[in-house]
Amino acid sequence: MSAQTQREENRIRRLPMDEDNNIIDRQEFTIQSPAKMIMMGHTLMGKTMTMVNTKKIMIGDTLTETKYFECTNKVHLSVKKSKDPYKKLKNGVYIPMGLAEVVNDLYHTNCMDEYRKLQQRLDLAHVPEEKVKIFNALKEHIAKMRWPIFALDNLTQLQEMNYSATLHAYNLEVRPDPPKMDIRKVDKYSGVNYTRPNFFGILEYIESYAAPFIIYVAHVKNKKDVIGKDTDDLTPLDVALDGIAPYTITRLMSAVAIFNRNNEGCFLDFNKRTETDLGARPVHLRNKIIKIADFQTDPKVYPTRYWQEIYPDLIF
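Just so we're aligned, residue 1 is where the sequence shown starts under the numbering used here, counting upward by one.
Put into structure tokens, the structure is as follows:
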């Protein structure tokens with residue numbers, strides 16, 4: 001066996017090259033829609049309304065964001081069928097049971113196991129013809145999903161749910177006697193060594209099993225210098241997340257958008273305001289302001305929505 005033949009047999013073929021060592025354009029085989037996006041803005045601006053009764057979007061309501069809408073595409077995450085309050089994952093993360101049940105239902109409804117297999121096969125394939133076939137199968141699979149977008153509304157309240165889950169874990173596994181009443185008072189560090197890892201574990205769980213595309217609806221900080229800001233002056237660092245530096249969350253996103261509403265409609269602003277801003281990684285969103293809904297004065301009539309501008313891989 002020649003040295004050249006031996007080298008070819010030893011190749012694992014993880015590099016983006018075909019059998020003739022030509023570079024494979026991976027952008028050609030990339031889903032353009034943002035996998036995980038934060039939609040942030042002041043309260044009562046209409047963020048939730050733009051998603052109500054929208055095909056392809058399932059709203060996970062952490063509080064009562066959908067209470068006053070005739071909404072058919074919502075599920076309350078605080079409600080559970082199981083007697084257990086939390087689900088413990090193998091990695092030690094505690095998930096609020098209502099959220100765990102919803103993610104489980106979405107996993108099966110969206111056939112996420114097949115989605116994950118296709119994603120892995122696409123990443124490993126190096127023959128162009130094979131990649132085209134797998135990529136088309138992946139797009140078809142996403143198109144058939146009932147709820148390819150899971151919108152968690154809202155991220156700020158999810159942190160409160162995380163505090164309860166982490167407190168339960170602390171009292172059960174760390175110091176059961178005497179039981180603590182507030183996870184933020186268990187030590188001089190406000191319990192961040194427990195709450196932060198669990199919070200990120202919850203996000204990873206949602207993103208891995210619920211749907212291909214996740215929207216995290218977020219409010220802005222309840223501080224005078226932030227509340228008084230005009231929408232044009234908001235930045236991703238103004239996200240209201242108690243106990244967590246916003247950048248540690250926003251840096252993990254595919255896109256961060258500032259929600260704005262005026263007499264012309266509802267818009268998502270993906271412009272980078274500072275060098276620390278994320279903006280958007282997908283090219284079709286980068287440094288753009290995109291209209292997602294018409295302006296509507298009648299509260300009983302829902303506006304025309306344009307979510308296909310954000311998610312071009314889906315048909316609404």
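Glycine included, C-beta positions come from ideal geometry on N, C-alpha and C.
One question on the structure: do residue i and residue j come within less than 8 Å of each other, judged by their Cβ atoms?
i, j, result
"M97", "K80", "yes"
"Y115", "P34", "no"
"Q296", "D242", "no"
"T156", "A218", "yes"
"F270", "T54", "no"
"D313", "I149", "no"
"R261", "G46", "yes"
"I202", "V93", "yes"
"M40", "I215", "no"
"T50", "T66", "no"
"I284", "Q32", "Reading the sequence as shown, one finds His at residue 284 and not Ile. Yes; because the gap between Cβ atoms is below 8 Å, this pair is in contact."
"L89", "A210", "no"
"K131", "F29", "yes"
"S82", "E101", "yes"
"T62", "M161", "yes"
"V220", "H76", "no"
"L95", "A165", "The sequence given here has Ile at residue 95, not Leu. Against a cut-off of 8 Å, the Cβ pair of A165 and I95 comes out as a contact."
What do you reckon, is the C-beta of residue i under 7 Å from a heavy atom of the ligand ZN?
i, result
"I149", "Among the ligands in the structure shown, none appear at all, so the ligand ZN cannot be discussed."
Using a Cβ-Cβ distance cut-off of 8 Å, determine whether residue i contacts chain D.
i, result
"I249", "The displayed structure is made up of one protein chain only, and chain D is not part of it."
Judging by CA-CA distance, which residue of the options is the nearest neighbour of residue i?
i, options, result
"A169", "N91, I315, M112", "N91"
"I206", "V186, I59, V132", "I59"
"M253", "D84, E204, F267", "E204"
"E309", "A293, V301, Y302", "A293"
"R184", "L106, C71, K117, R196", "R196"
"Y247", "G279, G191, V174, N193", "G279"
"D153", "G265, I31, V52", "V52"
"D84", "H76, L99, H284, C71", "L99"
"N287", "V301, P128, K272", "K272"
"L44", "F29, Y68, Q32", "Y68"
"V127", "T66, L15, K300", "L15"
"H108", "H76, W147, K139", "W147"
"R251", "L122, I289, E130, F200", "F200"
"T72", "K56, Y86, L63", "K56"
"Y306", "D298, F267, K300", "F267"
"C111", "M145, A257, E264", "M145"
"S208", "E264, D113, D20, Y86", "D113"
"E173", "K188, Y194, E264", "Y194"
"V256", "V239, N263, E264", "V239"
"Y189", "P178, D177, I244", "I244"
"R301", "D20, N136, N21, E70", "It should be pointed out that residue 301 corresponds to Val in this sequence rather than to Arg. Among D20, N136, N21, E70, the Cα nearest to that of V301 belongs to E70."
Tell me where the beta strand (DSSP E) around residue i begins and ends.
i, result
"A255", "255-262"
"M38", "The displayed chain sequence assigns Ile, not Met, to residue 38. Element bounds for I38: 36-41."
"I206", "Unbroken run through I206 is the alpha helix (DSSP H), 192-209; no beta strand (DSSP E)."
"H284", "Here H284 belongs to no beta strand (DSSP E), and DSSP marks it neither H nor E."
"D61", "57-61"
"Y216", "213-219"
List the endpoints of the continuous alpha helix (DSSP H) containing residue i.
i, result
"A245", "A245 -> no alpha helix (DSSP H), and no H or E assigned at all."
"H141", "128-144"
"M161", "155-169"
"A100", "97-109"
"K272", "That residue, K272, is in no alpha helix (DSSP H); it is neither H nor E in DSSP."
"I300", "According to the sequence shown, residue 300 is Lys rather than Ile. Looking at the DSSP string, K300 is not in any alpha helix (DSSP H), and its letter there is neither H nor E."
"Y115", "112-124"
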